[in-house]
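**Q**
2 protein chains.
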Amino acid sequence: MTTTTPLTPEQLDRIDAYWRACNYLAVGMIYLRDNPLLREPLKPEHIKQRLLGHWGASPGLSFMYVHLNRIIRERDQDAIFLAGPGHGAPGVLAPVYLEGAYSEIYPNKSEDEEGLKAFFKQFSFPGGIGSHCTPETPGSIHEGGELGYSISHAFGAAFDNPDLLVAVAVGDGEAETGPLATSWHSSKFLNPIRDGAVLPILHLNGYKINNPTLLSRIPDEELASLMRGYGWTPHFVAGDDPLTLHQTMAATLDACHDQIRAIQQQARESGEATRAHWPMIVLRTPKGWTGPSEVDGHKVEGFWRAHQVPLSGMHDNPAHLKQLEDWMRSYRPEELFDAQGRLIPELKALAPQGTKRMSASPHANGGLLRRALRMPDFRDYAIRVDKPGTARAMNTKPTGALLRDVMLKNMDNFRVFGPDENTSNKLDAVYEVSKKLWLCDYRPEDADGGELSPDGRVLEMLSEHTLEGWYEGYVLTGRHGFFATYEAFVHVIDSMYNQHAKWLSICEDIPWRARISSLNLLITSTVWRQDHNGFTHQDPGFLDVVVNKNPEVTRIYLPPDVNTLLSTVNHCLQSRDDINVIVADKQSHLQYLDMDAAIKHCTKGIGIWDWASNDQGAEPDVVMAGCGDIPTKEALAATALLREHFPDIKIRFINVVDLFKLQPAGEHPHGLSDADFDSLFTKDRPIIFNFHGYPWLIHRLAYRRTNHKNLHVRGYKEKGNINTPLELAINNEIDRFSLAIDVINRVPRLQVAGAHVKEKLRDQQIECRNYAYEHGIDKPDVDEWVWPF
Amino acid sequence: MTTTTPLTPEQLDRIDAYWRACNYLAVGMIYLRDNPLLREPLKPEHIKQRLLGHWGASPGLSFMYVHLNRIIRERDQDAIFLAGPGHGAPGVLAPVYLEGAYSEIYPNKSEDEEGLKAFFKQFSFPGGIGSHCTPETPGSIHEGGELGYSISHAFGAAFDNPDLLVAVAVGDGEAETGPLATSWHSSKFLNPIRDGAVLPILHLNGYKINNPTLLSRIPDEELASLMRGYGWTPHFVAGDDPLTLHQTMAATLDACHDQIRAIQQQARESGEATRAHWPMIVLRTPKGWTGPSEVDGHKVEGFWRAHQVPLSGMHDNPAHLKQLEDWMRSYRPEELFDAQGRLIPELKALAPQGTKRMSASPHANGGLLRRALRMPDFRDYAIRVDKPGTARAMNTKPTGALLRDVMLKNMDNFRVFGPDENTSNKLDAVYEVSKKLWLCDYRPEDADGGELSPDGRVLEMLSEHTLEGWYEGYVLTGRHGFFATYEAFVHVIDSMYNQHAKWLSICEDIPWRARISSLNLLITSTVWRQDHNGFTHQDPGFLDVVVNKNPEVTRIYLPPDVNTLLSTVNHCLQSRDDINVIVADKQSHLQYLDMDAAIKHCTKGIGIWDWASNDQGAEPDVVMAGCGDIPTKEALAATALLREHFPDIKIRFINVVDLFKLQPAGEHPHGLSDADFDSLFTKDRPIIFNFHGYPWLIHRLAYRRTNHKNLHVRGYKEKGNINTPLELAINNEIDRFSLAIDVINRVPRLQVAGAHVKEKLRDQQIECRNYAYEHGIDKPDVDEWVWPF
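Heads up: the sequence lines are chains A and B, in that order. Heads up, the first sequence is in the working numbering, so the first residue is 60 and it goes up one at a time. Heads up, the second sequence is in the working numbering, so the first residue is 60 and it goes up one at a time.
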């Protein structure tokens with residue numbers, strides 16, 4: 060079927076011309092602010108004053124793009140393109156512009172000389188666009204700024220898109236990162252019946268900023284072995300002669316596409332999904348291909364010196380200016396563009412039409428395709444709470460049932476992600492309707508609780524990076540999901556969170572980007588319940604990372620019980636353009652609110668719990684606040700202790716679900732007005748705030764509030780080891796005894812009368828610790844404490 | 060040389076007995092609080108009330124350990140052992156105890172029945188030790204709590220330790236993580252002449268918490284291809300019959316050790332270091348090997364159900380109690396321990412002696428081997444500063460020269476790490492004495508500025524994870540280093556920072572752990588100079604992660620110029636047991652302090668710059684503070700603007716180098732007393748604090764200070780794109796104009812007179828922005844501003 064020279068001479072000529080046009084544009088973007096078509100000799104004033112951009116990766120990216128265009132047209136294939144080396148954006152922006160999508164969205168960058176001039180000037184220029192495949196780039200769902208996530212993003216896009224081909228350029232620099240190195244295993248999670256295909260093109264251009272890359276300097280057979288070991292079928296395309304390489308690339312793409320179709324056809328016709336050894340391409344071309352081969356006696360093309368701007372000093376180095384002009388003219392722009400500055404029609408015809416263009420695919424503007432989730436009524440999963448603070452339940456378990464039914468109603472556009480912990484996290488109800496995806500070998504024992512299936516929609520792999528990347532790719536292409544993970548190890552993906560938040564933040568200002576589903580992260584197995592994992596598993600600091608990003612896209616919730624968690628998850632699953640971080644432990648906890656109360660409480664996000672307060676009709680002596688499941692329980696227990704010891708003390712009890720309520724209204728869209736904050740927390744009474752995370756975070760949010768000087772926060776402060784829950788609470792002073800002592804210290808009229816109570820409380824702490832040391836468990840009467848009033 | 064059955068029947072018998080003793084101990088640790096030698100039938104009261112620990116990985120880890128012991132003894136090999144699956148600690152603690160090291164360090168855990176009982180009880184028990192290979196474990200340099208770093212730690216230990224063998228167990232769960240997946244490439248950086256060897260044992264026990272692992276469910280030939288592709292020579296050991304497997308493992312270890320010696324000998328005799336295809340072992344044994352094969356009708360041995368505690372409910376399930384007793388007796392403890400409860404001498408003889416024991420190797424308590432660096436005089440690298448704020452220099456460049464000479468004086472125990480950015484970061488002087496290590500293929504052009512060498516001591520790979528892991532392993536084994544990286548992407552290793560900080564934090568309380576070198580992280584290519592990389596490269600939030608960890612081990616410095624950076628680096632390189640985070644941009648910046656002043660300023664960590672202040676002898680109208688290079692410059696420029704517009708305004712100028720000076724003395728060892736803080740920042744004057752990072756961090760550190768209510772902080776607040784430095788500053792309001800406006804707004808007597816000045820300043824901002832939009836660079840007069848007084 061395929062030949063080694065599939066292109067006719069005319070096709071070859073045209074595809075090369077199209078590619079020359081791309082390369083011409085890439086150079087133009089980096090250098091020119093005027094004279095975009097070289098209608099006159101190049102002069103210093105045509106050159107940008109500051110030269111920024113990455114030439115090195117650009118020609119290779121365009122090369123892939125134009126060849127993919129041929130496949131799309133000839134084979135009527137839907138495709139999108141992800142550029143791992145996103146800093147080679149000129150190599151993507153050029154073909155995007157040439158196929159017209161750019162001008163459609165940005166009319167000032169029209170397809171004529173004036174538009175081209177504006178297109179060149181704006182690149183990597185203040186007030187213009189970035190030098191990566193930023194959200195402003197039509198067709199991009201992957202910025203490529205922080206390296207490592209191109210393949211996992213690509214797989215996320217391919218899941219449940221059976222007709223889509225996701226081509227992904229992987230830089231050989233990026234290939235050295237950990238997240239990328241393990242993401243090759245993603246093919247073990249691609250179901251050839253219901254999912255689309257991912258075609259990675261590993262681009263060995265040989266160099267990073269000024270080093271060779273590892274994979275470009277090992278023998279081909281070693282690299283082939285690596286790729287086969289990862290489960291792929293590698294195809295090599297290598298050389299530096301464009302005309303030869305066009306034929307090889309075309310033939311290889313034909314072969315890969317044949318192979319992809321064959322795998323899909325076989326699976327779809329047989330109805331049997333098995334793991335496939337999908338094709339991938341190793342493309343070895345010179346860095347800065349077709350650029351200056353030497354500058355000032357130094358090798359440039361095919362060397363790291365081609366990484367960024369190969370020629371500089373144009374304003375006072377006429378030889379360089381001449382070299383630049385020769386370089387640009389080597390692409391023969393006069394043959395490529397007509398008098399108006401438009402690509403000539405014969406070349407224009409090489410691009411696909413309409414939404415078949417990768418730059419105009421709705422998959423790369425996923426909000427266009429997004430269908431809202433069909434939601435069950437979350438109230439149906441409520442547990443009964445007759446009296447607050449007296450019964451116990453596992454907080455995440457009913458959410459598992461909710462997720463199960465969300466899954467059932469949305470079996471084509473909802474997935475659950477987790478690093479091998481969904482059962483441990485008590486979300487296992489979801490397996491009743493969809494199991495864990497597994498396409499590798501099966502063993503007989505797997506039937507016994509293994510919950511594996513080739514068409515499972517729960518994705519588990521011990522790589523937070525890969526899961527997060529899949530999930531991002533999935534929502535960016537218009538679908539929905541839910542990710543549950545260990546609190547301490549969500550730091551593994553801090554930087555991915557940062558990058559996704561930045562992407563969303565930029566999208567807020569791009570009107571043509573349709574809104575996508577929020578990313579929902581359930582942070583569980585939290586710091587306060589690491590009974591045997593100990594110190595290394597105690598870290599609530601992800602929230603400190605979260606709060607630094609744009610308030611328009613960041614949300615943090617700490618629902619304290621089953622019904623508030625259900626209400627929160629219900630809200631988050633339907634929200635758009637945010638990152639929702641939900642903190643909730645998986646163990647058995649006291650339950651506080653029935654569903655009606657939970658909905659009311661979550662809608663406000665923060666509120667007084669009347670049943671736990673006794674300051675009705677008066678200013679309280681103290682405000683006790685809890686945020687998070689265990690801190691809330693301990694704060695309640697402290698409240699009870701205080702009321703037992705000091706029957707006339709007036710305590711107001713506040714619970715915080717929506718953390719950003721604490722921030723001023725001007726700083727976060729969820730922030731309370733100062734008046735509302737003051738009416739809750741008073742203007743002058745002591746506040747004891749028991750927090751799930753590092754205590755300073757509360758000060759960071761609330762330092763502008765009237766009563767901040769009386770705000771006293773307890774939280775985790777790195778005092779841990781192997782501890783029972785209560786002992787850990789005591790070490791970090793978030794326990795009921797410490798909190799009660801805090802109140803006594805801060806309420807003036809208790810300070811004398813309270814001395815002996817404090818002593819008693821301290822004795823109780825010691826007793827609790829001794830019990831734990833003796834028995835290895837917490838004192839049952841403390842552990843099983845319930846709200847007594 | 061090697062045979063397939065190298066063990067004599069007697070050796071086989073003994074090695075199996077030793078392994079049984081290990082397994083017996085592992086089970087004992089998980090279950091028993093009494094009756095440690097089963098001298099009487101097992102009763103419920105002998106069992107711990109809460110059963111914690113991971114049985115699954117333990118027998119495999121012990122299996123490796125006892126076989127490594129044979130190699131150490133027979134071949135007089137120095138070795139240490141790293142357990143990637145550190146949660147299988149019982150499998151490591153058992154042989155550590157049996158070879159006596161444990162009792163030497165912890166006399167209460169003596170080698171007799173009483174000691175054994177205490178040893179069992181403390182495991183994963185409050186007040187006892189964790190269930191990972193925590194710092195309390197003799198011989199451990201790798202906790203194994205957060206997965207992914209075992210191989211990179213192992214290589215760090217092997218660098219510059221030519222006689223050391225570092226055996227590293229890699230769990231097949233861990234193998235799915237990104238950091239681990241790329242760390243296999245570490246062998247491309249191991250010089251067989253000067254470095255030791257790393258022997259990875261990939262342990263395919265098949266399962267994570269309740270999933271199969273990917274690598275255990277692909278065909279052997281595919282896995283072998285993967286390992287060969289990574290550059291290793293794989294050896295497979297697989298089965299479930301202990302006696303057979305002992306022979307296979309022994310033969311395989313012999314073969315691997317022969318191969319290692321041959322590689323080393325060949326390189327060392329020829330003097331030619333090339334990349335070797337080092338041996339590694341794939342060990343496929345059942346999860347929970349030798350444990351219960353079934354519990355309550357469910358398969359356990361060889362299945363995920365063996366992951367943690369395979370049998371539970373012993374207190375009220377006599378059948379389970381019986382099964383546990385049968386299981387423990389299957390190891391025949393009566394044959395292994397003598398009447399006192401000591402391992403019998405024939406078995407004892409299998410362990411190496413003294414410091415040859417992996418549990419007693421000084422390499423695993425690196426501070427014992429640490430030699431202080433021989434330091435050049437950092438003052439010799441000073442630049443001349445005749446008048447503060449008038450000349451420019453690249454801040455990191457002289458530090459490159461300092462590092463060069465540190466390298467030269469310490470060519471056997473100092474290394475520099477960086478992800479392909481040391482040249483870009485202007486530290487390239489170091490290449491004058493030691494190049495980038497490169498053992499893969501060479502090309503002719505490499506001679507032209509490639510700076511590659513097989514014996515280079517600068518390690519560059521595009522994986523922050525791998526570099527950080529190498530560096531940690533290197534300092535944990537008693538050496539020194541320096542790591543420079545991009546500010547935005549240091550978030551990639553947030554979690555590694557957290558884990559290392561926790562390790563150091565625990566070590567503070569372990570008297571036998573000798574002090575090791577601090578980890579030195581230079582954060583450069585900072586947020587304020589991302590002229591073409593844009594928004595994704597702007598993130599100063601690593602500091603927010605840093606401050607959450609134990610103050611005893613965390614340090615943050617923001618030296619504003621060349622000489623303060625030199626003084627800071629000089630201090631950090633000689634410090635111990637800390638993590639030093641140094642933030643300094645690599646570009647050309649104004650210089651403020653000559654070396655004498657820099658030393659004085661850095662020694663205090665914070666101080667008034669008299670030359671920039673005019674409040675001498677009076678309370679100032681306002682305190683202007685700068686922290687970080689660019690924020691300091693803008694704060695100075697604002698000061699100058701204000702003094703030009705309001706000649707009688709009194710401004711005190713403070714610069715902060717040591718960020719923790721801002722925290723109260725009780726909270727951080729570097730913290731200023733309140734009195735000192737007040738004397739600097741006044742008790743009631745407005746403070747305008749211009750900060751390098753997210754502004755809230757300053758509030759988090761200083762919220763307890765007297766004058767906090769008047770503290771007004773500017774910093775990065777996610778307002779970025781493609782910007783010139785000044786435009787970025789303006790967007791985030793850290794620029795001179797915004798700061799001057801801030802002062803006018805906050806100094807009461809300026810508020811009327813200042814109205815027209817504010818307008819003028821705003822016009823200047825607009826002018827600057829327009830200039831940038833027009834020319835792509837900053838207005839030269841603003842960019843080239845110098846201190847005018």
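We put the beta carbon where it would ideally sit given N, CA and C, even for glycine.
Below 7 Å on C-beta distance, what does B/Arg901 contact in chain A?
**A** An answer regarding residue 901 of chain B cannot be provided, because it is not within the stretch 60 to 848 covered by chain B.
**Q** Here's a check: name, in chain order, each residue in its chain whose Cβ is nearer than 7 Å to the Cβ of A/Thr449, leaving out the five neighbours to either side.
**A** Against the first sequence, residue 449 of chain A aligns to sequence position 390. Result list for A/Thr449: Val845, Trp846, in chain order.
**Q** Please report the residue range of the beta strand (DSSP E) in which A/Asp137 lies.
**A** Your numbering for residue 137 of chain A matches position 78 in the first sequence. Per DSSP, A/Asp137 belongs to the beta strand (DSSP E) from 137-142.
**Q** Can you tell me where the beta strand (DSSP E) holding B/Pro259 begins and where it ends?
**A** Your numbering for residue 259 of chain B matches position 200 in the second sequence. 256-263 is the extent of the beta strand (DSSP E) around B/Pro259.
**Q** Nearest-angstrom Cα distance between A/Leu820 and B/Leu152?
**A** Along the first sequence, one-based indexing puts residue 820 of chain A at 761. Along the second sequence, one-based indexing puts residue 152 of chain B at 93. So the alpha carbons of these two residues sit roughly 38 Å apart.
**Q** Specify whether the region 311-328 of chain B and the region 344-360 of chain B touch according to this definition: at least 3 beta carbon pairs, one from each stretch, less than 8 Å apart.
**A** Contact between the region 311-328 of chain B and the region 344-360 of chain B is absent, because fewer than three Cβ pairs lie under 8 Å.
**Q** From the DSSP output, read off the bridge partner residues of B/Ala228.
**A** One-based indexing of the second sequence puts residue 228 of chain B at position 169. Bridge partners of B/Ala228: B/Ala142, B/Ile260.
**Q** Who are A/Ala297's beta bridge partners in DSSP?
**A** In the first sequence, counting from the first residue as 1, residue 297 of chain A sits at position 238. Answer is A/Arg343, bridged to A/Ala297.
**Q** Leaving out five residues on either side along the sequence, give the residues of the same chain with a beta carbon under 7 Å from the beta carbon of B/Arg73.
**A** By 1-based counting over the second sequence, the position of residue 73 of chain B is 14. Answer for B/Arg73: Glu405, Leu406, Leu409, listed in chain order.
**Q** Does the region 113-124 of chain A come close enough to the region 147-165 of chain A that 3 or more CB-CB pairs lie under 8 Å?
**A** Enough Cβ pairs lie closer than 8 Å, so yes.
**Q** Once DSSP output is grouped into helix, strand and coil, what is the label at A/Asp837?
**A** Within the first sequence, the letter at position 778 stands for residue 837 of chain A. If DSSP states are grouped into helix, strand and coil, A/Asp837 belongs with coil.
**Q** Under a CB-based cut-off of 8 Å, is A/Phe548 close to chain B?
**A** In the first sequence, residue 548 of chain A corresponds to position 489, counting from 1. Chain B contact via Cβ: present.
**Q** Using 10 angstroms around the beta-carbon of A/Val841, count the other beta-carbons present and answer buried if the total reaches 16, otherwise exposed.
**A** Sequence index remark: in the first sequence, residue 841 of chain A carries index 782 (1-based). Classification for A/Val841: buried.
**Q** Closest to A/His771 by CA distance: which of A/Pro421, A/Glu818, A/Gly350, A/Arg805 is it?
**A** The residue labelled residue 771 of chain A in the question sits at position 712 within the first sequence. For the residues A/Pro421, A/Glu818, A/Gly350, A/Arg805, the minimum Cα distance to A/His771 belongs to A/Arg805.
**Q** Buried or exposed for A/Val811, going by 16 or more other Cβ atoms inside 10 Å?
**A** For the purposes of this step, residue 811 of chain A is identified with residue 752 of the first sequence, where counting begins at 1. Exposed, because fewer than 16 other Cβ atoms sit within 10 Å of the Cβ of A/Val811.
**Q** Could you tell me the distance, in whole angstroms, from the CA atom of A/Met60 to the CA atom of A/Gly255?
**A** As a first step, residue 60 of chain A must be located in the first sequence, where it is residue number 1. As a first step, residue 255 of chain A must be located in the first sequence, where it is residue number 196. In this prediction, A/Met60 scores a pLDDT of 43, lower than 50, which makes its location untrustworthy; the coordinate-derived value is nonetheless stated afterwards. Their Cα atoms are separated by approximately 23 Å.
**Q** Which class does A/Leu432 belong to by DSSP, given the choice of helix, strand or coil?
**A** For the purposes of this step, residue 432 of chain A is identified with residue 373 of the first sequence, where counting begins at 1. A/Leu432: coil per DSSP, three-state reduction.
**Q** Residues of the region 179-196 of chain A in Cβ contact with chain B at a cutoff of 8 Å, in chain order, please.
**A** So the close ones are Ser183, Phe184, Pro185, Gly186, Gly187, Ile188, Gly189, Ser190, His191, Thr193.
**Q** Classify B/Thr691 as buried or exposed, calling it buried when 16 or more other Cβ atoms lie within 10 Å of its own Cβ.
**A** The sequence position of residue 691 of chain B within the second sequence is 632, counting from 1. It counts as buried.
**Q** Less than 8 Å between the CB atoms is what I'm expecting for B/Leu274 and B/Leu258, so what's the real figure, rounded?
**A** Against the second sequence, residue 274 of chain B aligns to sequence position 215. Against the second sequence, residue 258 of chain B aligns to sequence position 199. Their Cβ separation, rounded to whole angstroms, is 18 Å, which puts B/Leu274 and B/Leu258 out of contact at 8 Å.
**Q** Along the region 582-613 of chain B, what residues have a CB closer than 8 Å to any CB found in chain A?
**A** Within the region 582-613 of chain B, the residues whose Cβ lies closer than 8 Å to some Cβ of chain A are Asp590, His591, Asn592, Gly593, Phe594, Thr595, His596, Asp598, Gly600, Asp603, Val604, Val606, Asn607, Lys608, Asn609, listed in chain order.
**Q** What are the complete beta strand (DSSP E) segments, minimum 3 residues, inside the region 443-471 of chain B?
**A** The region 443-471 of chain B contains these whole beta strand (DSSP E) runs: 451-453.
**Q** Are the beta-carbon atoms of B/Leu535 and B/Gly515 separated by less than 8 Å?
**A** The sequence position of residue 535 of chain B within the second sequence is 476, counting from 1. The sequence position of residue 515 of chain B within the second sequence is 456, counting from 1. Their beta carbons are not under 8 Å apart, which means B/Leu535 does not touch B/Gly515 by this criterion.
**Q** Which same chain residues, not among the five before or five after A/Val86, have their C-beta less than 6 Å away from its C-beta?
**A** If you number the first sequence from 1, residue 86 of chain A lands on position 27. Excluding residues within five positions, the ones whose Cβ falls inside 6 Å are Met387.
**Q** Under the DSSP definition of a beta bridge, which residues are partnered with B/Thr613?
**A** For this step, residue 613 of chain B is matched to residue 554 along the second sequence. B/Ile638, per the DSSP bridge assignment.
**Q** How would you list, in chain order, the residues of chain A whose beta-carbon sits under 9 Å from the beta-carbon of B/Gln108?
**A** Position 49 of the second sequence, counting from 1, holds the residue named residue 108 of chain B. By Cβ distance, chain A contributes His834, Gly835, Ile836.
**Q** Is A/Asp568 near the ligand ADP, in the sense that its beta carbon is under 7 Å from a heavy atom of that ligand?
**A** As presented, the structure is devoid of all ligands, the ligand ADP included, so that no description of it is given.
**Q** Which residues share a DSSP beta bridge with B/Lys720?
**A** Within the second sequence, numbered from 1, the residue matching residue 720 of chain B stands at position 661. According to DSSP, which records beta bridges pairwise, B/Lys720 is partnered with nothing at all.
**Q** Using the C-alpha atoms, what's the distance from B/Asp655 back to A/Gly237?
**A** In the first sequence, counting from the first residue as 1, residue 237 of chain A sits at position 178. In the second sequence, counting from the first residue as 1, residue 655 of chain B sits at position 596. Distance between the alpha carbons of A/Gly237 and B/Asp655 is about 44 Å.
**Q** Determine the chain B residues that contact A/Lys41 at a beta-carbon separation under 7 Å, and present them in chain order.
**A** Examination of residue 41 of chain A is not possible in this model, given that chain A is present from 60 through 848 alone.
**Q** Examine the Cβ distances between the region 821-840 of chain A and the region 290-297 of chain B and report whether three or more of them are shorter than 8 Å.
**A** Counting Cβ pairs under 8 Å, fewer than three are found: no touch.
**Q** Rounded C-beta distance between A/Lys494 and A/Ser483? I'm assuming under 8 Å.
**A** If you number the first sequence from 1, residue 494 of chain A lands on position 435. If you number the first sequence from 1, residue 483 of chain A lands on position 424. In fact, because the Cβ distance is near 16 Å, the residues do not count as touching under 8 Å.
**Q** Let me know if B/Asp743 comes out buried or exposed under the rule of 16 or more other beta-carbons within 10 Å of its beta-carbon.
**A** The count along the second sequence starts at 1 and reaches residue 743 of chain B at position 684. By the 10 Å Cβ count, B/Asp743 comes out exposed.
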